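If you read the protein sequences in the order shown, they are chains F and E. Sequential numbering of the first sequence, starting at 1, is according to our numbering. Sequential numbering of the second sequence, starting at 1001, is according to our numbering. A short write-up of the structure that comes next.
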Amino acid sequence: MAHSHSPGESLRDYFTEQLLGIMVCAGLGFVAVRMYTNGMLNFILAKPFHMPVLLGGLAVLIVIVLLRSIAVWREAGAFQAPAYDGPECSPQHVHDLTCNHGDSYPGQTDEDGEHTHSHDMTWMFVTMLILVIPITLFVIGMPNSSMARLAAIAEAKLDGRNSPAEESLGGPNLKEEAKGATVESEEKQSDGSSVRILKAASGLRFRETVPVSGEPKYALIAGTGSEMRFSDLNDAAFNEDKRKSLEGQTAIIEGRFKRLGDKEFTLFRQKRTCCAADSVTLKVRIVVPQALNNINPYDWVQAKGQIQFIKLPGGKAGAETYIPVIMVADITDVSTPQPTNEYED
Amino acid sequence: MSQLTPEEAVSLFLIKFLAILWEAMPFIVLGAVIAGILEEFLPQQAITKFLPKQVVPAVMIGAVLGLVFPMCECGILVVMRRLLRKGLPLSCCIAYMLAGPIINVVVIFSTWAAFDGHGIAREMVGLRVGLGFVVACLTALIVHVQYLKHGNALLTEVAIPQAESVPVTDIADSVAPVKKPFGRRLANISATSMHDFVDITLFLTLGAVLAATAKLFISTSEVETLSKDQPYLAIPAMMLLSFLMCLCSEADAFVAASFTKMHVSAKVAFLVLGPMLDIKLMLMYTRVFRRRLILTIAASVVTFVFLLSIVVHLVYQANGWAGVPN
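Written out as structure tokens, the structure is:
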């Protein structure tokens, strides 16, 4: 270590340490800048933390690597002028006042014939080996998207472990909902049936078809909506006003698939604040009108439907738990696109 | 649910490891560069002139120094070590190091933002800052008493206050010891920066490995289930979790907020202990303190956080406050 540099420590140890330090720092600085430019940081850090990594990398390259290289170059030159031949301090050089290293200059061995590396030097080599780990991982292409996918699945598995099984909620009872619903429009069909668009107190919009004879039929209406965040839906579940304002709106969400029943599944997604270490698994329940078969566990799924917040059974009065649910009108509103970002930042 | 496959476990480990490492890296660089500049330009003992002579007020100033010099817990250690070398009293340094990552504008704001949606932002920020301040000051005073007894034997060689300013590159100084041109100063700054960066990043890397390993065996939902309806188990469970997870103090409030059904007291325990003590910090502390002092700090921080969180819980109970968001 430079700080505990004692007069007895060899010059070669000093220069070896400096050069290895410069090399490792150059590697780390380069990896930081490169991960910023090629988008690899997306797999581990949230967006606001990308810029610090770039600046950190540049700072390492300029303040540490560049300045230190120049300084070490000049130091070496000062000892070895005019023939600078690298950090190697040649054994033939003349000792003078500027050269204050001890007996263990290069090429010389101590009495046992062993090379005199100080204890610090072993430590230094271990340090360098450990610091090379992140550089090596970068060189072999890590982190990458398949790693992020597997990690997200692992996280969801860990989260689900030992927690009570999630109960199926079932689809909405539209016949019940129709009772207190407001009629938005009504029209007679040519075959004598009537079609009404209803909006229930829960915010659900659906179509009621009353045939000439027989029971009325109900179907949810597929609206248009934009992509919503898992965190917004989960946060809104805590607040009655927010629940009310969101219910009935159409949302599109994307996440990984976990089946609960043939007409019900959970989408989960990792939300991170700063980095993958603080990621939290968020879930949204999806209820579909028909059985859904061709989706495998952990597939990336997009679903569109009307937002509902459903009270979980149990829970003390005043402390009920609501979960966000997407009521899908038609099974074609569930698709399996290419995943965009494993994390929701 | 099914067990993790080896690929999933390795991926989770590597993602966590790299995330912790690269998130902290820029802040360590920042700390190292500031350390280099302090080492080169801050005159020995200059900083002590602005401090009160009495220990208690000095410690209290140290604890709120983060408001002026905001640093997160990774960077603060590097800066603190240089301030220590420059003659800032150890007790003050400890107070700054422990409270700085909590009592600064960025963290106060992020804590507010995390709990705002749950309607408990005000009490969480207040409790976090309050408890952080008290724990940091008490620990600093205990360290002060110990320092009076043991002196510099508590510190590693790098951190021991210098009688006179000995530059890092004494080897280079022997070449031109008389005056310091600008290039010489830059060389010295870069030497200190590189030394501190390499030194602390090493322990950050080791800490990240341990934290990523721990992550394979615990999950936040398990802790939540475990401590449900058992507040006195919830507090130590959350403390253990914050020790294992090694979160940045800017981010941990969002994780704490995700424990929706957990009592405020357990969340505060998580938020106060985390920035003061976790796996990576323990390893990084070894570059500044000797084992006796690390144990003192750890024991003191854990004890005070636990006791004060229990007090918070009892106060909530006595007043009939819910303590969970509704």
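Idealized CB from N, CA, C, for every residue including glycine. Values in this document were obtained by computation on a predicted structure and should not be read as measured data.
- Taking only the alpha-carbon atoms, compute the straight-line gap between Thr1286/E and Thr332/F and give it to the nearest angstrom. Their backbone Cα atoms lie some 59 Å apart in a straight line.
- Task: Using 10 angstroms around the beta-carbon of Trp300/F, count the other beta-carbons present and answer buried if the total reaches 16, otherwise exposed.
- Result: buried
- Item | Spatial distance of Ala1153/E from Arg1290/E (CA atoms) | If I take the Cα positions, the gap works out to 8 Å.
- Task: Rounded to whole angstroms, what's the CA-CA distance from Ala1213/E to Leu1202/E? Just pull it up for me.
- Result: First, the amino acid is wrong: residue 1213/E is Thr here, not Ala. For Thr1213/E and Leu1202/E, the distance between alpha carbons rounds to 17 Å.
- Which residue spans inside the stretch 249-337 of chain F form an unbroken beta strand (DSSP E) run of at least 3? 250-261, 264-271, 280-287, 300-311 and 322-327
- Message: Comparing C-alpha positions only, which one of Glu167/F, Ser69/F, Ser279/F and Val334/F sits nearest to Glu303/F?
- Response: The amino acid occupying residue 303/F in the given sequence is Ala; Glu does not appear at that position. For the residues Glu167/F, Ser69/F, Ser279/F and Val334/F, the minimum Cα distance to Ala303/F belongs to Val334/F.
- Item | chain F contact for Thr1111/E (CB, 8 Å cutoff) | It does not; no Cβ of chain F falls within 8 Å.
- Beta-ladder partner(s) of Val210/F, from DSSP: Ser194/F
- Contact with chain E by Val334/F, beta-carbon distance below 8 Å: No, because no Cβ of chain E sits closer than 8 Å to the Cβ of Val334/F.
- Message: Strictly under 8 Å for the Cβ-Cβ distance: is Gln176/F near chain E by that measure?
- Response: Looking at the sequence itself, residue 176/F is Glu, so the reference to Gln does not match. No - not a single Cβ of chain E is within 8 Å of the one on Glu176/F.
- Query: Roughly how many angstroms separate the alpha carbons of Ile64/F and Pro1275/E, rounded to a whole number?
  - Reply: 27 Å
- If you run the structure through DSSP and keep just helix, strand and coil, what is Leu1148/E? DSSP places Leu1148/E in helix when its eight states are reduced to three.
- Query: Ordered along the chain, which non-local residues of its own chain (more than five positions away) have a Cβ less than 6 Å from that of Leu1051/E?
  - Reply: If we look at Leu1051/E and ignore the five residues flanking it on each side, its Cβ neighbours are Ala1058.
- Query: Should Val126/F go down as buried or exposed, given a rule of 16 or more other Cβ atoms within 10 Å for buried?
  - Reply: exposed
- Task: Closer than 6 Å by C-beta to Asp1278/E: which residues in its own chain qualify, once you throw out the five before and the five after it? Chain order, please.
- Result: Excluding sequence neighbours, Asp1278/E sits near Phe1243 and Cys1246.
- Message: Just to confirm, is the Cβ distance from Val1223/E to Leu1206/E under 8 Å?
- Response: no
- Task: Pick helix, strand or coil for Glu247/F, following the three-state DSSP scheme.
- Result: Three-state result, Glu247/F: coil.
- Query: Any heavy atom of the ligand MN closer than 7 Å to the CB of Pro211/F?
  - Reply: Although the ligand MN was asked about, the structure shown includes no ligands whatsoever.
- Task: Taking Lys217/F as the reference, give the member of Met23/F, Val195/F, Thr266/F and Ser168/F with the closest Cα.
- Result: Taking the Cα of Lys217/F as reference, the smallest distance to any Cα among Met23/F, Val195/F, Thr266/F and Ser168/F is reached at Val195/F.
- Query: In three-state terms, what does DSSP make of Gly86/F?
  - Reply: Confidence at Gly86/F is low in this model, with a pLDDT of 44, below 50, so the placement of that residue should be treated as unreliable; the coordinate-derived value is given next. Gly86/F falls in the coil class under three-state DSSP.
- Starting from Glu184/F, trace the beta strand (DSSP E) both ways and give me its first and last residue. Thr182 to Lys188
- Query: Which residues in chain E sit within 8 Å of Val60/F, going by Cβ to Cβ distance?
  - Reply: Val1029 and Phe1197
- Own chain partners of Thr272/F with C-beta closer than 7 Å, once the 5 adjacent residues on each side are dropped: In the sequence on display, residue 272/F carries Arg and not Thr. The answer, listed in chain order, is Ala46, Asp278, Ser279, Tyr343 and Asp345.
- Item | Within chain F, the residues that Pro1026/E reaches when beta carbons sit closer than 7 Å | Pro52, Val53, Leu55 and Gly56
- Query: Just the Cα atoms here: how many angstroms apart are Gly77/F and Phe1182/E?
  - Reply: 18 Å
- Query: Along chain E, in chain order, which residues have C-beta atoms closer than 8 Å to that of Ile130/F?
  - Reply: Under the 8 Å cutoff, chain E gives Leu1202, Thr1205 and Leu1206.
- State whether the stretch 1304-1313 of chain E contacts the stretch 1260-1272 of chain E, with contact taken as three or more CB pairs (one from each stretch) at a distance under 8 Å. yes
- Query: Are the C-beta of Glu155/F and some C-beta of chain E separated by less than 8 Å?
  - Reply: yes
- Between Val53/F and Tyr36/F, what straight-line distance do the alpha-carbon atoms span, to the nearest angstrom? Taking the straight line joining both Cα atoms gives about 7 Å.
- Local conformation of Glu344/F per DSSP, three classes: strand
- Query: Ordered along the chain, which non-local residues of its own chain (more than five positions away) have a Cβ less than 7 Å from that of Thr209/F?
  - Reply: Ser193, Val195, Pro216 and Lys217
- For Arg348/F, go through chain E and note every residue whose CB falls closer than 9 Å to its CB, in chain order. Here chain F covers residues 1 to 345 and nothing more, so residue 348/F does not appear.
- The alpha helix (DSSP H) enclosing Ala1114/E, as first and last residue numbers: According to the DSSP assignment, Ala1114/E belongs to the alpha helix (DSSP H) that extends over Val1105 to Asp1116.
- Which full runs of the beta strand (DSSP E) of 3+ residues lie inside the stretch 1181-1247 of chain E, going along the chain? none
- Message: By the 8 Å beta-carbon criterion, what residues does the stretch 216-247 of chain F contribute toward chain E?
- Response: Asp235, Phe238 and Asn239
- Query: Does any C-beta atom of chain E lie closer than 8 Å to the C-beta of Pro339/F?
  - Reply: no
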